[in-house]
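Down below is the structure, laid out as structure tokens.
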Amino acid sequence: MSDIIRILSVKLHNLKNVGRGTVNMPDYAEGGIYNEGSEILGIYGQNGSGKTAVIEALEFMKDLAASKPLPKDAMNYIQGNFDTALIEILFFMFTDREYIVKYAYTIGRDIRINERGEREEVPVVVQEKLSYSVGLDSPLTLLIDARADAKTPFLPAAGVDEATGADPDKVIDITVIKRVAAKEFKSFIFSNDMAPFWYKACEKNVMWGLIPILKDYITKNVFVINQGHSGIISLDFAMPFSITGETERIDMGQVYVSLSEPSVMEKEKFSTFEGIINTVNDVAGTLIPGMKLFVKQYGPQTTKDGKDGIRFELLSSRGGVNFPLRYESEGIKKIVSMLNILALMYNEPSVFVAIDELDAGVFEYLLGELLKVIDETGRGQLLFTSHNLRPLEMLGERSIIFTTANPDKRYVRINETDENLNLREHYIRAIKLGGEEEKLYSGTVKSDIRRALFRAGDDKK
Numbered sequence: 002m003s004d005i006i007r008i009l010s011v012k013l014h015n016l017k018n019v020g021r022g023t024v025n026m027p028d029y030a031e032g033g034i035y036n037e038g039s040e041i042l043g044i045y046g047q048n049g050s051g052k053t054a055v056i057e058a059l060e061f062m063k064d065l066a067a068s069k070p071l072p073k074d075a076m077n078y079i080q081g082n083f084d085t086a087l088i089e090i091l092f093f094m095f096t097d098r099e100y101i102v103k104y105a106y107t108i109g110r111d112i113r114i115n116e117r118g119e120r121e122e123v124p125v126v127v128q129e130k131l132s133y134s135v136g137l138d139s140p141l142t143l144l145i146d147a148r149a150d151a152k153t154p155f156l157p158a159a160g161v162d163e164a165t166g167a168d169p170d171k172v173i174d175i176t177v178i179k180r181v182a183a184k185e186f187k188s189f190i191f192s193n194d195m196a197p198f199w200y201k202a203c204e205k206n207v208m209w210g211l212i213p214i215l216k217d218y219i220t221k222n223v224f225v226i227n228q229g230h231s232g233i234i235s236l237d238f239a240m241p242f243s244i245t246g247e248t249e250r251i252d253m254g255q256v257y258v259s260l261s262e263p264s265v266m267e268k269e270k271f272s273t274f275e276g277i278i279n280t281v282n283d284v285a286g287t288l289i290p291g292m293k294l295f296v297k298q299y300g301p302q303t304t305k306d307g308k309d310g311i312r313f314e315l316l317s318s319r320g321g322v323n324f325p326l327r328y329e330s331e332g333i334k335k336i337v338s339m340l341n342i343l344a345l346m347y348n349e350p351s352v353f354v355a356i357d358e359l360d361a362g363v364f365e366y367l368l369g370e371l372l373k374v375i376d377e378t379g380r381g382q383l384l385f386t387s388h389n390l391r392p393l394e395m396l397g398e399r400s401i402i403f404t405t406a407n408p409d410k411r412y413v414r415i416n417e418t419d420e421n422l423n424l425r426e427h428y429i430r431a432i433k434l435g436g437e438e439e440k441l442y443s444g445t446v447k448s449d450i451r452r453a454l455f456r457a458g459d460d461k462k
């Protein structure tokens, strides 16, 4: 077996409307780790019940691993009156041997003086911890515990000596890196400036090599498509594509192609982009009969940063007729924008894709067929949220979890073992009649809705 890395679970504490909640991928939920096939997990539930919070936790993790700052409003994701939110992600790694690795990060609030001399609230990475076990049954061992407000660079102290060779000047260097990371709302553990120190530490303890391995996996093989992705498409502003390649991912896997006018892209990226369009065309015609993408080039043009570039426009081709892609439906544009990473995930066991509102604008029958194919013959991992219930008829109960009305136990699986279970019918029945350990829906009363609508309309008269 070649090197494999998979996400096993995501655990949230006090993030948005999730007090506590654990999302286990199907193999891990069944007591396994990796069964050499695809894993699909759909998250279902009513609006405002914690579905998107899982996607956002993964997006924060990806930003931190890429040495990017947390979003400036990240502190607003902390629930209620709590000071911090904690996210824990469990990984399986197979490299030279099998490992379980847990990365935990805590975000909090801080007050700082901005450039205008005003006090403003900002996010801060309060703490990062990375633990591991060699083998699948051993308890986790702490590798590093880095607190933003601690006087020492990190714990255990022996690790600082391993990373610096006990050189006091190097300790000062690490301390400075830590302070800069805190100031810029970034990760200390995954800081690009820390990479030489982790490789130095490997001379004494090879376990430090887990940090660069995990950083490389998250930045290159974890893809998160949030609601902003769909929003850009809906506005006919641009088309996001995930750029992938054997040796690099450009701009964390995202490049934006204008839908309103020709785009200019530097030559190196453009050649990679053309390869992506070829990949998309390999699949697009099977999902959208007769459709093919066409890149119309207008010749060389210098990019805004002075590099040699290509000016081009992305067209849709049907029956030999080409027209600008912006005139396709929102659902088609969304499918096209995702096809490259879905194809990558379908073929690569170490690729994880998380998509918020996968069903938005997508024909439900097509959605079900696509998910069924990935489930039966794919190799990677797909986590998605959705409101469309068609996937409940296409995927087994192992691949679906539901949000509950209990903020301290936000995510559950249906307690049912019937092989002929129609999960869609069971879910609707559980909403109406109950029967599960946790309440799946905070009930709405039609008469109350009718009365409220009448009053609202009457007030406008």
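So for the sequence shown, the numbering used here puts the first residue at 2; every next one is plus one.
No residue lacks a Cβ here, since even glycine has one placed at the ideal position from N, Cα and C.
Source: prediction; values computed, not measured.
Quiz item: With respect to the alpha helix (DSSP H) encompassing Met-62, which residues constitute its N-terminal and C-terminal limits?
Solution: 52-66
Self-check item: Contact set for Leu-59: own chain, Cβ-Cβ below 6 Å, skip 5 residues either direction
Solution: Val-225, Ala-355
Quiz prompt | 7 Å CB neighbourhood of Ile-278 in its chain, flanking five on each side removed | solution = Leu-294, Val-296
Quiz item: Does the Cβ-Cβ distance between Ile-41 and Leu-371 come in under 8 Å?
Solution: no
Quiz prompt | beta strand (DSSP E) segment containing Val-172, residue limits | solution = Looking at the DSSP string, Val-172 is not in any beta strand (DSSP E); the run it does join, the alpha helix (DSSP H), is 169-184.
Quiz prompt | Asn-15 to Ser-139 span [Cα, whole Å] | solution = 29 Å
Quiz item: In whole angstroms, what separates the C-alpha of Ile-311 from that of Asp-283?
Solution: 24 Å
Self-check item: Complete beta strand (DSSP E) runs within the region 271-341 (minimum length 3 residues, chain order)
Solution: 292-303, 309-319, 322-325
Quiz prompt | Same chain, Cβ closer than 6 Å to Asn-323, five either side skipped, listed in chain order | solution = Phe-295, Leu-316
Self-check item: Secondary structure, beta strand (DSSP E): runs of 3+ residues fully inside the region 202-236
Solution: 223-226
Quiz prompt | Best match in Asp-150, Asn-389, Arg-451, Ala-453 for proximity to Tyr-428 [C-alpha to C-alpha] | solution = Asn-389
Quiz prompt | For Arg-250, the three-state DSSP class (helix, strand or coil) | solution = Here the model assigns Arg-250 a pLDDT of 40, short of 50, so the residue's position is not dependable, and the following value carries that caveat. Coil at Arg-250, not helix or strand.
Exercise. May I ask you to verify whether the region 149-160 touches the region 125-138, counting CB pairs closer than 8 Å and requiring at least 3?
Key: yes
Exercise. Within the same chain, show all residues whose beta-carbon is closer than 8 Å to that of Leu-141, passing over the 5 residues directly before and after it, in chain order.
Key: Ile-101, Lys-103, Ser-132, Tyr-133, Ser-134
Quiz prompt | Runs of beta strand (DSSP E) wholly within the region 374-423 (minimum 3 residues, chain order) | solution = 382-386, 401-404
Self-check item: Proximity winner among Asp-162, Ile-214, Pro-197, relative to Ile-5 (alpha-carbon distances)
Solution: Ile-214
Quiz item: What separation, rounded to the nearest whole angstrom, lies between the Cα atoms of Asp-360 and Ser-387?
Solution: 6 Å
Practice problem: Look at the alpha carbon of Thr-165 and the alpha carbon of Lys-171, and state the distance between them as a whole number of angstroms. | Solution: 5 Å
Practice problem: For Leu-211, collect the residues of the same chain with a Cβ closer than 8 Å to its Cβ; drop the 5 residues on either side in sequence, then sort them by chain order. | Solution: Met-94, Tyr-100, Val-102, Leu-131, Tyr-133, Leu-144
Quiz item: With 16 other CB atoms within 10 Å as the buried threshold, where does Gly-286 fall?
Solution: exposed
Quiz item: Could you check where the beta strand (DSSP E) with Val-161 kicks off and where it finishes?
Solution: Run containing Val-161: none in the beta strand (DSSP E); it sits in the alpha helix (DSSP H), 158-165.
Quiz prompt | Simplified DSSP state of Pro-124, which is helix, strand or coil | solution = strand
Quiz item: By Cβ distance below 8 Å, which residues in the same chain neighbour Gly-300 in space, the five residues on each side in sequence not counted?
Solution: Ile-311, Arg-312
Practice problem: Check the C-beta distance from Pro-124 over to Phe-83 and give it rounded, since I have them as a contact under 8 Å. | Solution: The pair is not a contact, with the Cβ atoms about 14 Å apart (cut-off 8 Å).
Quiz item: What is the rounded straight-line gap between the Cα of Asp-357 and the Cα of Val-55?
Solution: 9 Å
Practice problem: Take the Cβ of Ile-450 as the centre, count every other Cβ of all protein chains shown within 10 Å, and call the residue buried at 16 or more, exposed below. | Solution: exposed
Quiz item: How is the alpha helix (DSSP H) around Tyr-78 delimited, first residue to last?
Solution: That residue, Tyr-78, is in no alpha helix (DSSP H); it is neither H nor E in DSSP.
Quiz prompt | Rounded separation between Ile-401 and Lys-410 - CA only | solution = 16 Å
Quiz item: Just the Cα atoms here: how many angstroms apart are Glu-31 and Gly-43?
Solution: 16 Å
Practice problem: Could you spell out the range, first to last residue, of the beta strand (DSSP E) harbouring Asp-146? | Solution: 142-148
Exercise. Grab me the residues of Val-352's own chain with a C-beta within less than 6 Å of its C-beta, minus the 5 sequence neighbours each way, in chain order.
Key: Asn-222, Leu-345, Met-346, Gly-381
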